[in-house]
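Shown next, in structure tokens, is the structure this report addresses.
In this note's numbering, the protein residues as written are 64 to 140.
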């Protein structure tokens, strides 16, 4: 049996790096919400960077179509 473990922090970092790009984030939004937005100017990234958090923070957040969307990477155990 392979006893290697995956560091969840790195997987989370890759998720955030990938989706901080407006084009990728718009694709994620469309896939999750079954929508067809195409203009990257319709999306405003609102993720907090380097702020003080009580217990947790979201990985990616954005506003599109007047709605705040929060995306969190989930690792399997």
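Think of the CB as a built atom: it goes at the ideal place given N, C-alpha and C, for glycine as much as any other residue.
Being a predicted model, the structure only gives us computed values, none of them experimental.
Residues in the same chain with beta-carbon distance under 7 angstroms from residue i, minus the five sequence neighbours each way, listed in chain order, please.
i: residue 86; result: 103
i: residue 122; result: 75, 78, 79, 134, 135, 136
Quick check: what's the CA-CA separation for residue i versus residue j?
i: residue 76; j: residue 100; result: 26 angstroms
i: residue 109; j: residue 95; result: 18 angstroms
i: residue 128; j: residue 106; result: 8 angstroms
i: residue 111; j: residue 98; result: 25 angstroms
i: residue 151; j: residue 84; result: The shown model of the chain, from 64 to 140, leaves out residue 151, and the question about it has no answer.
i: residue 91; j: residue 82; result: 8 angstroms
Which of the three DSSP states is assigned to residue i in this structure?
i: residue 92; result: helix
i: residue 86; result: helix
i: residue 134; result: strand
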